[in-house]
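Beneath this line is the structure, given in structure tokens, with notes to follow.
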Amino acid sequence: MNNRPKSTHWADITAEKIIREKGDKELYTCASGITPSGTVHVGNFREIISVDLTVRALRDMGKNVRFIYSWDNYDVFRKVPKDMPKQEEMAKYLRKPIVLVPDFLDGEESYARANEKRLEKLLPEVGIYPQYIYQAQKYRNSDYADGMKTALQNRDVIRRELNGSRTSDLPDDWWPISVFCSQCDKDTTTVLDWDGEYGVHYSCECGNDETVDMRKTPWVKLPWRIDWPMRWAYEGVDFEPAGKDHHSDGGSFDTAKLTCKEVYNHEAPVTFQYDFIAVKGRGGKMSSSAGGVVSLAEVLEVYQPEIIRFLFAGTRPNSEFSISFDLDVLKIYEDYDKCERTYFSKPENDKQMKKWEKEARIYELSQVAEVPTEMPYQIQIRHLTSLLNIYAGDIDKVIESLGDVKPSQIERLKRRCQCAWNWCRDFAPEDFRFSINDENSELLEVTDQERLVLQKLNKVVDENLGKVTEKEFGVMVYDIARELEMETTVMFPLVYKAVIGKDNGPRLVSFLSTIGPYKLRKILNRY
RNA sequence: GGGCCGUUAGCUCAGUCGGUAGAGCAACGCCCUUUUAAGGCGUGGGUCGUUGGUUCGAAUCCAACACGGCUCACCA
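The working numbering numbers the first residue of the first sequence as -17 and each following residue consecutively.
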């Protein structure tokens, strides 16, 4: 026996590492969190799903796991996001905790809550169910009073630790806590003294000057670099990944790790660094201030939930990748389908088995809920967009036209249709959009020979389409060109023009047979 | 300045227990009487950034260097 991982998937390797470093435990706590100071974008989502995948890996090893997600809604509101209305109104709330900023968009109880809700609603769609912890509630309830007291008691230790990675030392009168003013709600305060227990004396720029008891007041909190390790200890966190901005030498993970051990007497969690997500085919970079953020909701418009999971499960966390809205979307769907086919086909030999295991693991982790026991209905997304255009986005009709969809496959397929249609409408190149003409469409001005082509085509469609094989029908279509001694490069654009009002379109023969004789006759009869 | 990541086919990348160099796209070719956007099959193509080291054997491990990117040194 050895400790060799059964799987070489990064989530399984991470899970093994957690067990190895934290020992065999009754319960493992995996954590993630973010400040809801703006739209939670897909870059932030990477952390959540990284934890989810690791949690699943641990559970697959039979472990009991708690997945906590911290909403840091007691952080200071420091910048009005550019994409928000009522900028001046919002600016009045700067330096107050985010939980006190009103929501001018949806009328939620607070701006923080609005951002939180948008994500909380969506996570179940991608199969993620964390236990949410709201930091404002924890702080206001004085749950961290002892944690803050510990920080104050270790003021010098913490200062030394932080100074280790600062360019200028913290001043002598620095305190490891921050206070929101009980009168004006802002953090424009200065801590003046601490009584050695729970009493903190502060003054505020607004003129307020008072001493509060951390056990009874909702106004005191820890600054980030101390807050983080305090909560690791408080919740007993075993695993928490972090973005590369936290993971440099001297970054917050670095100092938090020190503080966690020396002040809170708890080993820092196992971690890894994840890279950022770029956005492609939509323009702009993803940064809250630049306003180019892409939310999970927007990604879900174009990608099926399992394909979003696939994207993250199939990429190592420490490498950067793009969420694409351009033609890459087609490729990603195809990659997913290929992975799915692999999962449902038995490997033939040992060498293939190794590859298969890796693919299969990615497929499993990509699933929102249980892994399907039979192969889902596969249809090339490119073809699907054509069908959707033909049926003008009527998904039920598209599925009906396929004819061989099992009831158990319908739900997933519908979702794929919806995503494909959204993509077609909102992101795809113009080539991917067309609509079938009908008896009311504008008539083409045609030469006598062109009219003859359309008439012959009409006759072929009328007499044969649907009655002979597509191959036979194809021969007949090409025969028209031959008979009239016309190049297909001349004939086809004419047909496309008559049928969809464009110079080109999907491969003609199969396209015509998909449209079917009924619709085609209506168009061609008029020539 | 510190740290992290990357450098493999024309392009995008996979290859993480060291064991004959891989995929997709592109190119080229073939098939379905068929280049107009949905098919199938095949072919070509790489001194694996550079130099050195460990090893029977290195894309893979180690060291140095080059180039590229990100990040920290304010705050969260």
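For every residue, glycine included, the Cβ atom is placed at its ideal position computed from N, Cα and C.
Our two residues, Arg77 and Asn300, have alpha carbons roughly 34 Å apart in a direct line. His365: member of the alpha helix (DSSP H) spanning Ile363 to Ile372, first to last residue. Runs of the beta strand (DSSP E) lying entirely within the region 240 to 309, each at least 3 residues long, are 259 to 262 and 303 to 306 in chain order. Around the CB of Asp420, fewer than 16 other CB atoms lie within 10 Å, so the residue is classed as exposed.
The Cβ atoms of Val58 and Asp169 lie closer than 9 Å to each other.
Counting other Cβ atoms within 10 Å of its Cβ, Ile392 stays below 16 and is therefore classed as exposed. Residues Val443 of the same chain have their beta carbon placed closer than 6 Å to that of Leu502, with the five preceding and five following residues left out of the count.
Fully contained in the region 424 to 461 is no beta strand (DSSP E) run of length 3 or more. Taking C-alpha positions only, Ala463 is separated from Leu434 by approximately 11 Å.
When the beta-carbon positions are compared, Leu134 and Trp201 stay at least 9 Å from each other.
Nearest Cα to Ile(-5) within the set Met335, Asp155 and Phe221: Phe221. A distance below 6 Å between beta-carbons, with the five flanking residues on each side excluded, links Gly456 to the following residues of its chain, in chain order: Val491. Across the set Ala402, Tyr500 and Arg343, the C-alpha of Tyr500 shows the shortest separation from the C-alpha of Lys449.
Between the region 10 to 20 and the region 40 to 54 there are three or more inter-stretch CB-CB distances shorter than 8 Å, so the stretches are counted as touching. By the C-beta density criterion, Asn247 is exposed, having fewer than 16 other C-beta atoms within 10 angstroms. A contact is defined here as three or more CB-CB pairs under 8 Å, and the region 395 to 405 meets this definition with respect to the region 342 to 362.
With contacts defined as CB atoms closer than 9 Å, Pro112 and Ser230 fail to qualify as a contacting pair. Residue pairing by DSSP places Ser14 opposite Tyr51 in a beta bridge. Straight-line spacing of the CA atoms in Leu293 and Gly178 works out to 51 Å. With contacts defined as CB atoms closer than 9 Å, Leu87 and Leu282 fail to qualify as a contacting pair. For the pair of segments examined, the region 151 to 164 was found to touch the region 183 to 197: the number of CB pairs separated by less than 8 Å reaches three.
Counted as a single uninterrupted DSSP element, the beta strand (DSSP E) harbouring Leu174 occupies residues Thr171 to Trp176. With a 10 Å radius around the Cβ and a threshold of 16 neighbouring Cβ atoms, Gly20 comes out buried.
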